[in-house]
Structures are given as structure tokens and as C-alpha cells.
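K.L.:
In the order they appear, the protein sequences are chains U and E. Per our numbering, numbering of the first sequence is gapless, rising by one per residue and ending at 522. Per our numbering, numbering of the second sequence is gapless, rising by one per residue and ending at 1194.
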Amino acid sequence: MSRTAFLVLVTFCFALAAPLAAAAYFRWVRAARPAVGVFGTGDVFVMMGFVVVLPFAYLALPGWGLPTVLGLVFAGGLSVGYERVVTHRWLRRGLILGLLGADLAAWAAWRAGAAPLWFTAVNSVVVLLIAVSAANLSAQGGLRLRHAAWFTLGLAVYDLTFATAIPITQKLAAAIQGYPFAPSAGLRVGDLGAVIGMGDLLAYALFGVTAYKAYGRTGLRVALVVVAAFGALAPALSPLVIEAVSGHRPSLIPAQVFFGPGAFLGYLLLRRLGPERRMAEILGNPVNRPADRRARWLGPPAPAVAPAASVAPARPAEVRGPVRLS
Amino acid sequence: MFTTAVRQMRVAFSTVLGRPFSVPVVQGLVRDALATLEEFGTPGDDVGQLVDGPYADPTMRRELQTRALQRTARHLTTGAPYYRDRFAAAGVDPAGLTPETLLRLPVMTRAELVSRQRDLLCGRPYLSTRSTGSTGAPVEVWLSRQEITLWPALIALSLVLRGELTPDDHVQLSISSRATAAIQEDVELCGLVGAGCSVVGLVPPDEALDRLCESATVLNTYPSYLGLLVTAARRRGLGPDDFALHTVNAGGEVLSAALVAAAEATFGARINDAYGATEVLPVGGRFCTHRHLHPDPNMGYAETIDLETGAPAEPGRLGTLVVTPYHPYRECMPVLRYDTRDLVRAPAADEPPCELAATPGMSHILGKARDLLTTASGPVTPRDVVEVMDALPGVRWPVRFAAEEAGGRVRVTVPDDHTGGLSTGEIAGRFADHGIDAQVVVVPMGQEDARRLRPLRCDLLEQTFTRPVPTLVREFV
Ligand SMILES: [Zn+2]
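1. Measure from the alpha carbon of G880(E) to the alpha carbon of each residue in V232(U), A201(U) and W314(U), then state which is nearest.
2. If you draw a straight line from the C-alpha of L909(E) to the C-alpha of D749(E), how long is it?
3. Taking only three categories from DSSP, how would you classify V453(U)?
4. What is the residue span of the beta strand (DSSP E) that F1118(E) lies within?
5. Quick one: Cα of E1025(E) to Cα of R1034(E), how far?
6. Give the residues of chain U in contact with A722(E), contact being defined as C-beta atoms less than 7 Å apart.
7. Against chain U, with Cβ distances strictly below 8 Å, would F730(E) count as a contact?
8. Short of 7 Å in beta carbon distance, which residues of its chain neighbour M1016(E), apart from the five on each side in sequence? Order them along the chain.
9. Starting from the beta carbon of R474(U), find every residue of chain E whose beta carbon is closer than 8 Å, and list them in chain order.
10. Taking the continuous alpha helix (DSSP H) assigned at N930(E), which residues delimit it?
11. So who's on the other strand from F1004(E), going by DSSP bridges?
12. Between R226(U) and chain E, is any beta-carbon pair separated by less than 8 Å?
13. Please return the same chain residues whose Cβ sits closer than 7 Å to the Cβ of R511(U), not counting the five positions on each side in sequence.
14. Measure the alpha-carbon distance for P496(U) versus P957(E) and round it to whole angstroms.
15. Using the rule of at least 16 other Cβ atoms within 10 Å of the residue's Cβ for burial, across every protein chain shown, is W260(U) buried or exposed?
16. Spell out the partners DSSP gives D1023(E) in its beta bridges.
17. Quick one: does R229(U) have its CB under 8 Å from some CB of chain E?
18. Beta-carbon of P496(U) versus every beta-carbon of chain E: anything under 8 Å?
19. Near G735(E), what residues of its chain come up, given a Cβ to Cβ distance below 8 Å and the 5 sequence neighbours on each side ignored?
20. Counting contacts by CB-CB distance shorter than 8 Å, is V249(U) in contact with chain E?
21. Mind checking whether the beta-carbon of C839(E) lies closer than 7 Å to any heavy atom of ligand 1?
22. Would you grab the beta carbon distance between V206(U) and A451(U) for me? Rounded to a whole angstrom, and I think it's under 8 Å.
23. Would a C-beta distance cut-off of 8 Å place L1170(E) and R1117(E) closer than the cut-off?
24. Classify C209(U) as helix, strand or coil using the three-state DSSP reduction.
25. Just curious, the beta strand (DSSP E) that S894(E) is in, first and last residue?
26. Going by beta-carbon coordinates alone, are P1064(E) and A773(E) separated by less than 8 Å?
27. Less than 7 Å between the CB of L874(E) and some heavy atom of ligand 1, yes or no?
28. Measure from the C-beta of M777(E) to each C-beta in chain U and report whether the shortest distance is under 8 Å.
29. What do you get for P499(U), buried or exposed, if any count of 16 or more other CB atoms within 10 angstroms of its CB means buried?
30. Which of helix, strand or coil does DSSP assign to V977(E)?
31. Which one of D1154(E), P1069(E), V904(E) and P1099(E) has the shortest CA to CA distance from A1093(E)?
32. Determine which residues of the region 758-774 of chain E have a Cβ less than 9 Å from any Cβ of chain U, and write them out in chain order.
33. What is the DSSP secondary structure of A500(U), reduced to helix, strand or coil?
34. Any chance the CB of H1081(E) is under 7 Å from a heavy atom of ligand 1?
35. Can you give the beta carbon distance from L341(U) to T406(U), rounded, assuming they're within the 8 Å contact cut?
36. Any beta carbon of chain E sitting closer than 8 Å to that of G277(U)?
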């Protein structure tokens, strides 16, 4: 099997698995939500802030610090994200510990000479689970497709900047390789390898689940096509194209540079179907759309009447003409 | 969600620690609550904790109350020498104030509030609001800009989270223009929620009804004016289908069960009894299904003080409602142990628990203490009399009468066109059914005399150019 075929196949499977699994979670699991609060534009900015700051934080950590922090983040993320899936607290904690333990054990085995397949497979499952639940907590918390589309567009700009102008993406990719709890999915079989970042998986899951929430099955279908074309095929095949054109094969292609614009186009397409569905419609609660409430209590507008030519504004009596006092 | 969490934390800090509230933060939470309803249709499951506040938790209440009282005492004694002297005279250390030592401080009377107005100021006054003066000279209370912007935001948040006011609502205010704070609050909170608001005032009832028929979904008014509206609506043959009302909030006077039933049938709306007094703003109260008054424990400290002994009323005994609004909710012209003279009964020891049992309650407001009648068979409260008179078949609300004590019995003077067509014996029989030994005297008299017999807030009727001035007011023109 050629390197490229392996890369395309693995990327394709992981990229599509994220939105599909997120949609399935959305369909069957209702995430907990606070008394007051909606995942909105402000939260998209907070998310972007994390995306921008986290790599620097990762790189600033000492060698053993990065896996420790990531392990804790994974444990917390899984614990919150699967609260409603495995409701028994101790069972949930046990499963999470088991999963993270397996990740660590597979990594240790790989370091001791075992095939890397096991570590990459277990770690991919962990990363996929986190991306799926994080996307759902956001979408079920009120994040709309519109927000997700703008977020992916922001990620595209970020990826382009940091892959070209400030080469932190390559550094980070190098830093996380070979550590347990690496924030990336993928497979390594023999000398064949394919890696897809956790941020990329999160973007696909987020776009898929918000499209499904907003426009149902149609939304999910469009999202899957967008993810397949712009999230899997384009980034996997573009090195070949670049090599053919320039004769130089780039080592790393930031996927979001393709996916961001593609997702935004997908959103513009879906938007033509009408307003996005809200959680209220999905939960069967009373729906309250801003368009409905254009002063409902004022009644229908009065029929327009053409102003009569003879009607002139009346002047108050006090100013009507000079008054002769004699 | 992130910004909401930060705002909630800041409000919780202010509630528990007594730090000054940031009004924009509370207003932001109102917007968050509206966005939550828009996305989800309902607030999340834990909303009860948020709207009831930390003081609803009986295990934390005592500690929180003590701290709130000490905080309030600090504000009062540093802000006004008058309060410093008051604490010194009673030998109470403001820093160590507890619900028990609070009892050593004398209650504050209406006369003191009227005469010492200037001495009570602890902040920069911005807006004055007056009581209607239905029970004597009007009380004027000065409010700071912070108070008059904070209260509507807090009320709006609670109303939105309880589902009692939505952006689809249109509130009609049929209250006296002198109740500046109430009007300002309602206008402001409607603006925060995005609801419509019409300040209609106490105009001739037919005009108010025309406005109600057009659009209003919520009506805020006084029970006596509600009586006028019900009577006018019935005269015009209007029924629930003619109105879009879903809620009527009526407060400031005794609202009888008979009038509630009649208003419900006429307007097809839920009639809420509302408690709030200008002097003890912003402390309000809610009524449970058992018709108890549950003063809001988060905003102030409420006591039921025995009318005779001045000590906390024993279970089942009559008392007057004494309220201390907490700092930082009340800051400009605060009151300490203000005696509202509103009659309440301390809950009986064997009182069955109600749905608001988590917050301390007392009986319904039974009228003003000065109108309490002492008869041979025990005390008769103004509410006892109003409930009987309002329920006479065929009466027009508001019912006029005068009740006084005469020879160990209650003597009720009723104008001849307020008897509902019943004889004196039949009316006395109705009182007897309620365990009241009453002598009923029916006197022929004109509307004006009947009005003087029992002055009500609806008598503050305002003139308009839209409708002919009603006969009641015509003689003054
Ligand atoms: Zn109760």
C-alpha cells in the first residue's frame, strides 16, 4: 500500500468518524446544562483564545509536564462529557481510568519495542471520545452552526498564520509525537503513518453536530460531504499537488486552511433552508423566536392611507397669526 | 456560557458577602436568561437555587442573616449619626449584631420616618418616591441611582427565570403616579426584558378597560381599582375572551378571595396578591398556595412583633410586620426595624408545610394594625370584615363600609347601595357564619359620603380628556 493511499484512507476514516459519532451522541444523549447560560459568540472567542494560547503553554512545559497536563485534561474532559452516558459515578471513573491506563500501557509497550499500532489506536479512541463530547457539550449548550462556521474560519486563519509565518504548528507536532496522551489521532503500521490533530477532529465534530442540530439529516449529509472533501481529501492530497508543481513536498499541511472556507461555504448553503433549529425544538419545549415577537400585542398594522393633499399640520392656537389687541 | 458563569459568580459574591452589586452584571444576567429561554425554551434544572437565593437554605440562613444584619448596621452607623445614637442608646454593638440583639433596638415608626427624613440619609439621593398616603401623611423615601437601577434588574431576572414575564408581554400599570419607585422599576424592568409597558395611571375605569382589551397581558394595580375594573367590565358584558391578560398583580390593600374569584372569572387571568411597601423597599414578599406571606429572605430581615408585648409574636398570635432591608440592596435612606403596622399572624406551631416552607412565612396581610377591632369574642382584623363584605352576593366592588367596635361587638355601617340587596339581618348572618358577632347598620348616603366611609387607593382617580369626568370627581372640577 502506498504512503498516500494509507494517509488518505486513515484521515478519511477519522475525519468522518468524528461528525458521525457526534451526531449519534446528539441524537441519543442529552448533555447536562446550567440553569442559565447559552454557548454563544463570547464562548467562541474564549475557545479561540485557548486555541491560540495552548500551544505556547504546551511548548513552555518541561518534558514530563506536557503528558501530565494532557492526562489530567483528558480525564476531566471524559468525566464531564460522559456524565450522562455512564451515569454511575464510580463505574464512569473506573472506565476512564482504565482507558487512560491502557493508553499509558500501550505507550510504554511501544517504547519497550512493541508495534506502535496499539498505542496509536488506543490514543485515537481517547481523542475521538473527547472531541465528540466537547462538540456536543457546545452544540447542546446552544452553539449554532453559524458560530461553528465562523470558528472554523478563524481556525483557518490561525492555522495559516502559525504554519507559515510563525512555525509553531510544526514544533508542536514534533513535541507531541512520542508522548502518551498525545492530542492527535491516527495510525502507525510499520513505516506507514497518518496523523490528524485533535483540534481538527474537534472542528469536524463541531461542524457536523451543529449542522445536524440546525438542519437535521440534510445538515449532517452536507457536513459529511464538506468534511470528506475539505477535511480529509484536500489536506491529504495537496502535498502531492504541491510536489508536482514545485518539486518540493511539504512536511505538514494545516488541514483547517482547506476546511475553514469549505465549512463556511457549507454553512452558507445550509442557511438557505431557513433559520437554524434551536434546542427548544429538539427538547420539545415552547419555542420563542425573535421574529415572532414583533410586538405581537400591538395587533395587525393599520392599513396604509395616502395622505390627503389638503391636510397640513395644524399650528397651536397661540401662534396663529398676529393678534390685534386694540 | 463562560461570561454567564462569571456574572453568576459575581452576583453570588455580592449576595453572600454583601459586596456592592454591579448593575451592568445583573443586567447582563437578564440578557443571558432571555438568551437561554430563546435557545432552550426553559431555564435549566437548577434554576430553583438561582431564583430562591442562598438564604432559602435553612442550614445557611442563620449565618447569612447575622452577617447581613452586621453589614447593614455598619452601613447605617457609619452613614448616619442618627443610627449611631440609636445603637448607643440601646447599648447594642453594631459589629456584633445578631437577630437576638436586634430585638433590643426600638422599632422605627412612620412618624420618625416622616420627621427625621434628613437624618436617615446614608447616600446620595436621586429619586424620591412617596406612599399614597392612604393611611396618613404620605411618606417620602429617597433612593439612590444605584438602588433604582439595581432593583429592576434583580426583579427582571427573577421574573424571567420564573417565567412570569417574557418579551411577548405587555404590562399595563394602573397605579398612582406618586408611586414613582414602583413605576420607574416596572418601566425599567420591562425595558430589560424587552416587554411592552403602558403607564396608564388611575384613569376612569372604562378607559383603562379599553386599554386592557387592546393588548395588555399583565396588569399591575391596587385591589380597589381592580374592583372598579371588574365592576365596569361586568357592566359592559366583557369576559375572558375580550382580554389577553394572563396575570394581574394586585397589592397595597387587602385583596379578598371573593374579588380574586370574580377577577379571575372576568379577565381569565391569574390574580396574584403582591406585597411591597414603599418604606421597606426593595423587600417584597410572595404568597404561597396556603395564602401565607413569605417575605424575601435575601433582601431583608422580617419579624412578626407582638402588638402588645413588642417581643416576637408567639405562634398563632397577631403581630405587626417589622422589616430591616439589607445593605447593599438598600443604601440611600435605609430603615432599621421599620414597623409597617401591617397585621400578620405568626404561623401556628402545627401549620402544615407549604411549597415555600424553605423560607419563613407568616399569615396573609390582615390589614392595618390601627383598624384592628377588639371584640368580646376576640380580635377582628380588617381582612375578616373585608372578606365578608366583598363576598356579599350582588355587590359592586370596591365595597364601601365602616367597621368599629361597639359594646364588645363589631358595628358595620354599610351605605344602602353597597348591601348587594341584602337586609341588615342577612348581612349580620354572613358575619356570624365567619364567627363574627356584628351589628349591621344600613345608611342611605351618596357616593361621596360612601367614599369617605372607606377611602381607597382607587379614589386617587386621575382625569383625562378622553372620557367625561366621572360623577365622583366632577364636583371637584
Ligand atoms: Zn406558605
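Cβ coordinates follow ideal geometry from the N, Cα and C atoms, glycine included. None of the values given here were measured: they were computed from a predicted structure.
P.N.:
The relevant details are as follows:
1. For G880(E), the closest C-alpha among the options V232(U), A201(U) and W314(U) is that of V232(U).
2. L909(E) and D749(E): Cα-Cα distance of roughly 11 Å.
3. DSSP places V453(U) within a helical segment (H, G or I) once states are collapsed to three.
4. Careful: F1118(E) lies outside any beta strand (DSSP E) and carries neither H nor E.
5. Going by the C-alpha atoms only, they are around 10 Å apart.
6. Result: G233.
7. No, F730(E) lies away from the interface with chain U (no Cβ there is under 8 Å from its Cβ).
8. If we look at M1016(E) and ignore the five residues flanking it on each side, its Cβ neighbours are P999, V1000, P1042, Y1043 and Y1046.
9. Correct list: E755, E756, F757 and G758.
10. Sequence inspection shows Cys at residue 930(E); the Asn mentioned does not correspond to that position. Under the DSSP assignment, C930(E) falls in the alpha helix (DSSP H) whose first and last residues are P922 to E931.
11. DSSP links F1004(E) through a beta bridge to L1010(E).
12. Nearest CB-CB separation between R226(U) and chain E: not below the 8 Å threshold.
13. In this prediction, R511(U) scores a pLDDT of 42, lower than 50, which makes its location untrustworthy; the coordinate-derived value is nonetheless stated afterwards. Here the set comprises nothing.
14. At P496(U) the pLDDT is 48, less than 50, meaning the model places this residue with poor confidence and gives no usable figure here.
15. Result: exposed.
16. DSSP, once it has assigned bridges, lists G1036(E) as partnering D1023(E).
17. Output row for R229(U): interface = yes.
18. A caution first: P496(U) carries a pLDDT of 48, below 50, which makes its placement in the model unreliable, though a value can still be read off. By this cut-off, P496(U) is not an interface position.
19. The residues are R784, A785, R788, Y1043, H1044 and P1045.
20. No, its Cβ sits nowhere closer than 8 Å to a Cβ of chain E.
21. No, the Cβ of C839(E) stays beyond 7 Å of every heavy atom of ligand 1.
22. Taking the Cβ atoms as the reference, V206(U) lies roughly 13 Å from A451(U), outside the contact range of under 8 Å.
23. Cβ distance < 8 Å, so L1170(E) and R1117(E) count as in contact.
24. Residue state, collapsed to three classes: helix.
25. Element bounds for S894(E): n/a, residue is neither H nor E.
26. Their beta carbons are not under 8 Å apart, which means P1064(E) does not touch A773(E) by this criterion.
27. No, since every heavy atom of ligand 1 falls outside the 7 Å radius drawn around the Cβ of L874(E).
28. Against chain U, the CB of M777(E) has no partner CB under 8 Å away; the residue lies outside that interface.
29. Any reading at P499(U) needs caution, since the residue's pLDDT is 49, under 50, leaving its predicted position unreliable; the model's value is listed next. By the neighbour-count definition (other C-beta atoms within 10 Å, threshold 16), P499(U) is an exposed residue.
30. Here V977(E) sits in helix by DSSP.
31. The shortest C-alpha to C-alpha distance from A1093(E) to any of D1154(E), P1069(E), V904(E) and P1099(E) is the one to D1154(E).
32. So the list reads G758, T759, P760, G761, D762, D763, V764, G765, Q766, L767 and V768, given in the order they occur along the chain.
33. Low per-residue confidence applies at A500(U): pLDDT is 49, beneath 50, and the placement is therefore not dependable enough to give any value.
34. No, the Cβ of H1081(E) stays beyond 7 Å of every heavy atom of ligand 1.
35. The distance from the Cβ of L341(U) to that of T406(U) is about 4 Å, consistent with a contact at the 8 Å cut-off.
36. By this cut-off, G277(U) is not an interface position.
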